[in-house]
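Okay, so the sequence shown: first residue is 1 according to full-length UniProt numbering, each after it adds one.
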Amino acid sequence: MSKLTVVGSINADLIVHAERHPHPGETLLGSGGEILAGGKGANQAVAAAQLGANVAFVGAVGSDPYAEPAMHYMHSSGIDLSAVEQSDTTTGLAVITVSADGENTIVISPGANALVDAPFVTARQSTIADADVVLLQGEIPASGFKAAVDAAQGRVVVNLAPVIEVDRDALLQADPLMANEHEAGLILEQLGLSSTGTPRELAHRLVSAGFKSVVLTLGAEGAYVATPESNTDILTPQITAVDTTGAGDAFAGAFCTKLLEGATLVDAATFAARVGAFAATSSGAQPSYPTTSSRLPEVTQK
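Put into structure tokens, the structure is as follows:
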């Protein structure tokens, strides 16, 4: 069975709801305070595993009380966790504020994720080398990112979120590079290129910079797939967003699940848009993700 290896972060998400996001220096009353499983790497791995993918994970978690909730869905979804180390430190923590319109702001304390550097990843390179697809994000050290790309023998998919400074040649191995509009601009700046223009212009500029393919996620506007040969708009279901936390990660995990099945970039992105929309209709990241038995929302042609 084809295999996806995710090299990335494991976080506990502390989620608070507020009518709107506070201004600098302002205090607002909110509600919630739930501790849920998160981390971009873990989110994407769980999203793929719950959709039936064969998933292994390379990462680190702490030994504090946050470790158990952070790992809950990693365990229940059947991910191979043999390359995950539990270290005598704190678990990564994301403090998330969700406004009434479903939009969120996130501040992250890396905790154990900071341990996932080049020596850590190299010691677990066999888990990466035997994967058909390797999925990476930006919540681990840049040296660990490069080591993972160097170890990969299969296809490398990169969702560089947050955008960190990484080795240029390693980054250009992404096929596809997956980013939202803001991240695409930051990546272009990292490459020394202009970050102005429409989302489609940014995608084409990234392809011209040397990426084999680019998938730009555009929230309620869907997604855009660009390669040197073609470009395609991807429609998304029209839904009422409850919480967009982790919806992009659901997209990434679903996308890689379809790649493992041999789908084209366009077909994978079309399926992933439906999964991302499903995730935005309920609270939290991993708790909102569909399984193989879930009914995904349909796309309504505009």
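Ideal Cβ positions, reconstructed from N, Cα and C, are used throughout, including at glycine.
For residue i, is the classification buried or exposed, using 16 other Cβ atoms within 10 angstroms of its Cβ as the cut-off for buried?
{"i": "Glu-183", "result": "buried"}
{"i": "Leu-135", "result": "buried"}
{"i": "Asp-13", "result": "buried"}
{"i": "Ala-220", "result": "exposed"}
{"i": "Met-1", "result": "exposed"}
{"i": "Ala-147", "result": "buried"}
{"i": "Ala-83", "result": "buried"}
{"i": "Ala-100", "result": "exposed"}
{"i": "Val-107", "result": "exposed"}
{"i": "Leu-28", "result": "exposed"}
{"i": "Gly-262", "result": "exposed"}
{"i": "Pro-65", "result": "exposed"}
{"i": "Pro-24", "result": "exposed"}
{"i": "Glu-181", "result": "buried"}
{"i": "Pro-237", "result": "buried"}
{"i": "Thr-105", "result": "exposed"}
{"i": "Gly-222", "result": "buried"}
From the DSSP output, in three-state form, read off residue i for me.
{"i": "Glu-165", "result": "coil"}
{"i": "Ile-106", "result": "strand"}
{"i": "Met-71", "result": "helix"}
{"i": "Ala-94", "result": "strand"}
{"i": "Leu-177", "result": "strand"}
{"i": "Gln-238", "result": "coil"}
{"i": "Glu-298", "result": "coil"}
{"i": "Thr-217", "result": "strand"}
{"i": "Ala-209", "result": "coil"}
{"i": "Glu-19", "result": "coil"}
{"i": "Leu-186", "result": "helix"}
{"i": "Val-46", "result": "helix"}
{"i": "Val-116", "result": "coil"}
{"i": "Ala-83", "result": "strand"}
{"i": "Ser-288", "result": "helix"}
{"i": "residue 314", "result": "This structure does not reach residue 314, given that the chain is present from 1 up to 302, and the question cannot be answered."}
{"i": "Arg-200", "result": "helix"}
Which residues does DSSP list as the beta-bridge partners of residue i?
{"i": "Ile-35", "result": "Leu-14"}
{"i": "Asp-233", "result": "Tyr-224"}
{"i": "Val-7", "result": "Val-58, Leu-136"}
{"i": "Asp-101", "result": "Looking at the DSSP assignment, Asp-101 forms no beta bridge with any residue, so it has no partner."}
{"i": "residue 305", "result": "Missing from the structure shown is residue 305; the chain here goes from 1 to 302 and no further."}
{"i": "Asp-249", "result": "Bridge partners of Asp-249: none, in fact."}
Taking the Cβ atom as the reference point for each residue, do residue i and residue j lie within a distance shorter than 8 angstroms?
{"i": "Ile-10", "j": "Met-71", "result": "yes"}
{"i": "Thr-244", "j": "Glu-103", "result": "yes"}
{"i": "Ala-174", "j": "Val-158", "result": "yes"}
{"i": "Leu-186", "j": "Val-149", "result": "no"}
{"i": "Ala-280", "j": "Ala-254", "result": "no"}
{"i": "Arg-155", "j": "Leu-259", "result": "yes"}
{"i": "Ile-128", "j": "Ala-161", "result": "no"}
{"i": "Gly-248", "j": "Thr-270", "result": "no"}
{"i": "Thr-205", "j": "Leu-188", "result": "A small fix is needed here, since residue 205 is Arg in this sequence, not Thr. Yes, the pair counts as a contact, with Cβ atoms nearer than the cut-off."}
{"i": "Ala-203", "j": "Tyr-224", "result": "yes"}
{"i": "Pro-176", "j": "Ser-230", "result": "no"}
{"i": "Gly-78", "j": "Ala-49", "result": "yes"}
{"i": "Pro-69", "j": "Leu-93", "result": "no"}
{"i": "Ala-67", "j": "Leu-4", "result": "no"}
{"i": "Thr-257", "j": "Leu-51", "result": "yes"}
Roughly how far, in whole angstroms, is the beta-carbon of residue i from the beta-carbon of residue j, given that I think they are within contact range, below 8 angstroms?
{"i": "Ala-118", "j": "Gly-144", "result": "6 angstroms"}
{"i": "Leu-265", "j": "Val-215", "result": "7 angstroms"}
{"i": "Tyr-289", "j": "Ala-250", "result": "5 angstroms"}
{"i": "Met-74", "j": "Ala-47", "result": "About 12 angstroms separates the two Cβ atoms, so there is no contact after all."}
{"i": "Thr-91", "j": "Val-116", "result": "With 8 angstroms as the limit, Thr-91 and Val-116 do not qualify as a contact, their Cβ atoms being about 13 angstroms apart."}
{"i": "His-17", "j": "Gly-30", "result": "6 angstroms"}
{"i": "Val-7", "j": "Ile-140", "result": "7 angstroms"}
Less than 7 angstroms between the CB of residue i and some heavy atom of the ligand MN, yes or no?
{"i": "Glu-183", "result": "This structure simply doesn't include the ligand MN, nor any ligand for that matter."}
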